[in-house]
Amino acid sequence: MDDQSIIELYWARTEDAIRETAAKYGGLCRSITGRILSSPEDREECLNDTWLGLWNAIPPQRPARLSVFVGRVARNLALKKFAYLAAARRRAEAVCSLEELEDCVSGRETVESEVENRRVERAVSQFLRRLPEEKRNVFLLRYWYFFSIGDICRRTGFRASKVKSMLSRTRLALREYLEREGIEL
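Below, the structure written as structure tokens:
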């Protein structure tokens with residue numbers, strides 16, 4: 019079933035929407051949540067929460083790209099679950115990925131307005147669009163999908179030193195870009 023038909027099922031409030039979404043995007047969601055959460059039970063709970071989250075979000079939203087929307091919901095729920103879990107149960111790879119980005123995107127506990135958050139999101143998206151495809155893909159594999167350096171090497175054919183260097187330079191360029199855009203780090 020195509021994405022627009024699935025979205026129409028949500029708008030019609032038909033439970034088939036969830037079944038069709040799970041059939042089409044269940045693998046994507048399992049992949050995303052599996053890289054963030056280590057427990058099968060936590061991943062399954064996150065998947066169920068994803069379907070509920072989609073049911074509650076569509077309508078009123080009508081996503082232009084359903085795959086991206088579904089992936090974002092699954093990822094955000096997995097990250098919330100990840101933050102909730104005790105430190106001993108956290109996936110080291112995800113912790114490492116997030117710590118590497120600390121210097122670029124502040125995780126301060128101050129309350130930021132929704133407008134400022136959207137400004138940062140737009141700036142990061144613009145930065146990523148300007149990157150060559152190879153660098154953008156490596157960056158997203160590491161910081162969006164939480165791939166390990168080894169997994170990125172296997173997927174791209176690059177050596178670990180090249181991946182680490184590419185990530186380091188891209189983080190530095192992101193930091194400089196955000197500072198030029200007037201975003202306080």
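Taken in order, the sequence shown gives residues 19 to 203; the numbers are from this note's numbering. Note that beta-carbon positions come from the ideal geometry of N, C-alpha and C, so glycine has one too. Keep in mind the model is a prediction, meaning the values are calculated, not measured.
Quick one: give me the first and last residue of the alpha helix (DSSP H) that residue i is part of.
i      : result
Gly89  : Leu84 to Tyr102
Phe157 : Glu151 to Tyr161
Ala41  : Asp34 to Ile54
Gly71  : Pro58 to Ala75
Arg177 : Element bounds for Arg177: n/a, residue is neither H nor E.
Ser23  : Asp21 to Trp29
Check whether the Cβ atoms of residue i and residue j lie closer than 8 Å to each other.
i      : j      : result
Phe100 : Leu55  : yes
Ala40  : Ile24  : no
Leu72  : Val91  : yes
Arg53  : Phe164 : yes
Ile167 : Val181 : yes
Leu185 : Arg160 : yes
Tyr28  : Val88  : no
Arg61  : Arg80  : no
Between the alpha carbons of residue i and residue j, how many angstroms are there, rounded?
i      : j      : result
Arg148 : Arg193 : 14 Å
Glu139 : Leu196 : 11 Å
Val142 : Asn94  : 17 Å
Thr188 : Cys171 : 17 Å
Tyr102 : Thr68  : 17 Å
Arg198 : Asp20  : 41 Å
Leu84  : Leu97  : 20 Å
Arg177 : Ser183 : 10 Å
Thr174 : Val86  : 22 Å
Val156 : Thr51  : 19 Å
Val129 : Gly45  : Reliability fails at Val129, whose pLDDT of 49 lies under 50, so the model's placement of it is uncertain and the value that follows must be treated cautiously. One C-alpha to the other measures close to 35 Å.
Pro77  : Ser179 : 46 Å
Ala82  : Ser57  : 32 Å
Arg136 : Asp169 : 31 Å
Leu190 : Glu33  : 46 Å
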